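> Heads up, the sequence shown is in the UniProt record's numbering, so the first residue is 1 and it goes up one at a time.
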Amino acid sequence: MTEESQRLQKVIAQAGIASRRAAETIILEGRVEVNGQVVSQLGTKVTAQDEVKVDGVPLDGQEKHVYYLLNKPRGVVTTSHDDKDRKTVVDILEDVDARVYPVGRLDYDTTGALLLTNDGDLANQLMHPKGRVDKVYTAKVKGLATLEQLAPLKRGVVIKGKKTAPAKVAIEKVDRDKKVSFVTVTIHEGRNHQVKDMLAKVGLPVEKLRRDRYAFLDLLGLQPGEYRDLKHDEVKRLKAGDYRFLRRK
Ligand code: URA
1 MTEESQRLQK
11 VIAQAGIASR
21 RAAETIILEG
31 RVEVNGQVVS
41 QLGTKVTAQD
51 EVKVDGVPLD
61 GQEKHVYYLL
71 NKPRGVVTTS
81 HDDKDRKTVV
91 DILEDVDARV
101 YPVGRLDYDT
111 TGALLLTNDG
121 DLANQLMHPK
131 GRVDKVYTAK
141 VKGLATLEQL
151 APLKRGVVIK
161 GKKTAPAKVA
171 IEKVDRDKKV
181 SFVTVTIHEG
191 RNHQVKDMLA
201 KVGLPVEKLR
211 RDRYAFLDLL
221 GLQPGEYRDL
231 KHDEVKRLKA
241 GDYRFLRRK
């Protein structure tokens, strides 16, 4: 009888170790063994008979799914493993035994809402471009922002050869003495450095960036560096694709 073979990155993602994309990185980093041999090529196929290990730990697919919301502090990398040995977001969750990984990415100097889980299916769903999860950012920018200046972001601007989807923008505060402004930007895409690039494009370089909200998950009650379990109902809504932020009563 022939066993159905599957791509290694898919098997790792399905075991809840990482998203498909992150699983590819883990493979390329040489952290995966198949039957005792390091495999660092992406096309590799395996069957249920093959013993796959990540960082020396066998995939058993039995790990219970867990979900955390972290208020990421500044100066921490958003990965589960850093070549330069810098502190990672996973290091912050020191009392969590499950092999969680971040859903998406925040820059080293960006703070705010970051979801971590070992549920590969949910992570893939949330990161899929069709998922349209709203992310709300507050940026402190250099200069006195005007709505006119921000208007191109509502239509989309070209960054690295590709137009961004229409964003929602608002001005929270303009500090004329310090010549800085605070603006909120809501996007559903997740390109690298997207908000910084968008604001730089309209002449407002970002000095500080915080993600206030990911889907309906905001930072209420969480100081930078603090995290909490998601509630059952929150997980249920995410899985159902209901990402709407409902105002608190
Ligand atoms: N956009 C950015 O520029 N940086 C982040 O960390 C997140 C969104």
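Heads up, the beta-carbon is just placed ideally off N, CA and C, and yes, glycines get one too.
Source: prediction; values computed, not measured.
1) Using a Cβ-Cβ cutoff of less than 8 angstroms, which residues in the same chain neighbour ASP212 once the five nearest sequence positions on both sides are dropped?
2) Using 7 angstroms as the cut-off, classify the Cβ of LYS142 as near or not near the heavy atoms of ligand 1, replying yes or no.
3) Using DSSP's beta-bridge definition, name the partner residues of ILE159.
4) May I have the straight-line CA-CA distance separating ARG228 from GLU207, to the nearest angstrom?
5) Tell me which same chain residues have a C-beta within less than 7 angstroms of the C-beta of SER80, skipping the five on either side of it?
6) Which of helix, strand or coil does DSSP assign to LEU150?
7) Cβ of HIS81 versus every heavy atom of ligand 1: is any distance shorter than 7 angstroms?
8) Near ligand 1, which residues have their beta-carbon less than 5 angstroms from any of its heavy atoms, given in chain order?
9) Starting from ARG21, trace the alpha helix (DSSP H) in both directions and tell me its first and last residue.
10) Using the C-alpha atoms, what's the distance from ILE17 back to VAL57?
11) Just checking, does the stretch 157 to 165 make contact with the stretch 191 to 203 on the three C-beta pairs under 8 angstroms criterion?
12) I need the boundaries of the beta strand (DSSP E) containing LEU114, first residue and last residue.
13) Is it buried or exposed, TYR108, if we count other Cβ atoms within 10 angstroms and call 16 or more buried?
14) With contact counted as at least three CB pairs below 8 angstroms, one residue from each stretch, are the stretch 121 to 131 and the stretch 19 to 28 in contact?
15) How should ASN118 be labelled, buried or exposed, when 16 other C-beta atoms within 10 angstroms of its C-beta is the threshold for buried?
16) How would you label LYS196, buried or exposed, when you count the other beta carbons within 10 angstroms and need 16 or more for buried?
17) So if DSSP puts PHE182 in a beta bridge, which residue, or which two residues, is it bridged to?
18) Between the Cα of ASP83 and the Cα atoms of LEU8, GLU148 and LEU28, which residue gives the shortest distance?
19) Between the alpha carbons of TYR214 and VAL77, how many angstroms are there, rounded?
Inspection of the coordinates gives the following:
1) As a position in the sequence shown, residue 212 is number 212, starting the count at 1. Contacts found: GLY112, ALA113, VAL136, TYR137, THR138, THR184, ASP218 and LEU219.
2) Against the sequence shown, residue 142 aligns to sequence position 142. It does not: the Cβ of LYS142 is nowhere closer than 7 angstroms to a heavy atom of ligand 1.
3) By one-based count along the sequence shown, residue 159 stands at place 159. DSSP output for ILE159 lists LYS162 as bridge partner(s).
4) Start at 1 with the first residue of the sequence shown, and residue 228 comes out as number 228. Start at 1 with the first residue of the sequence shown, and residue 207 comes out as number 207. Looking at the two C-alpha atoms, the distance is approximately 28 angstroms.
5) Your numbering for residue 80 matches position 80 in the sequence shown. Cβ within range, chain order: THR88, VAL90 and TYR101.
6) As a first step, residue 150 must be located in the sequence shown, where it is residue number 150. Here LEU150 sits in helix by DSSP.
7) Indexing the sequence shown from 1 puts residue 81 at position 81. No, ligand 1 has no heavy atom inside 7 angstroms of this Cβ.
8) LEU106, ASP107, THR110, HIS193, GLN194, VAL195 and LYS196
9) Walking along the sequence shown from the start, residue 21 turns up at place 21. From DSSP, the alpha helix (DSSP H) with ARG21 extends over 20 to 28.
10) Within the sequence shown, numbered from 1, the residue matching residue 57 stands at position 57. Within the sequence shown, numbered from 1, the residue matching residue 17 stands at position 17. Between VAL57 and ILE17, the C-alpha separation is close to 11 angstroms.
11) The stretch 157 to 165 vs the stretch 191 to 203: in contact.
12) Locating residue 114 in the sequence shown gives position 114, counting from the first residue. 111 to 117 is the span of the beta strand (DSSP E), which, as asked, contains LEU114.
13) Within the sequence shown, numbered from 1, the residue matching residue 108 stands at position 108. Exposed, because fewer than 16 other Cβ atoms sit within 10 Å of the Cβ of TYR108.
14) yes
15) By one-based count along the sequence shown, residue 118 stands at place 118. Buried is the call here.
16) Your numbering for residue 196 matches position 196 in the sequence shown. Result: buried.
17) Translated into positions along the sequence shown, residue 182 becomes position 182. Answer by DSSP bridge pairing, in chain order: LYS140 and LYS173.
18) Counting from one through the sequence shown, the residue named residue 83 turns up at place 83. It is LEU28 whose Cα lies nearest to the Cα of ASP83.
19) One-based indexing of the sequence shown puts residue 214 at position 214. One-based indexing of the sequence shown puts residue 77 at position 77. Approximately 18 angstroms, taken between the alpha carbons.
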